[in-house]
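Numbering (this note's numbering), first residue to last: 8 to 101.
Report on the following structure.
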């Protein structure tokens with residue numbers, strides 16, 4: 008936004024936003040990089056949420072994504088195993 012007077016902001020034209028975004032990305036590429044550990048942490052959090060919501064197959068997939076980026080702890084392996092069992096049970100009941 009452009010602020011002409013205090014409290015009066017107007018949106019930037021799309022081309023200005025695009026240009027400024029490109030400049031920011033070029034000047035600070037490190038701010039836009041995501042590490043494998045950050046991705047694993049996100050998937051771990053999602054796996055836990057999915058388990059709480061009993062979305063078992065989604066939980067399994069998130070645990071698998073964590074494992075692609077780092078080794079699962081014994082507790083995480085157990086959580087994935089339980090989610091796999093719940094997925095199998097749900098599939099066999101239909």
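No residue lacks a Cβ here, since even glycine has one placed at the ideal position from N, Cα and C.
Candidates 44, 78 and 94: which alpha carbon is nearest residue 67's?
94
Would you check if the distance between the CB atom of residue 90 and the CB atom of residue 49 is smaller than 7 angstroms?
no
Tell me, please, whether the region 38–55 touches the region 74–84 by the rule of three or more beta-carbon pairs shorter than 8 angstroms.
yes
With a threshold of 16 other CB atoms inside 10 Å of the CB of residue 86, please say whether the residue is buried or exposed.
buried
In chain order, what residues of the same chain lie with their CB nearer than 6 angstroms to the CB of residue 70, ignoring the 5 residues before and after it?
54 and 87
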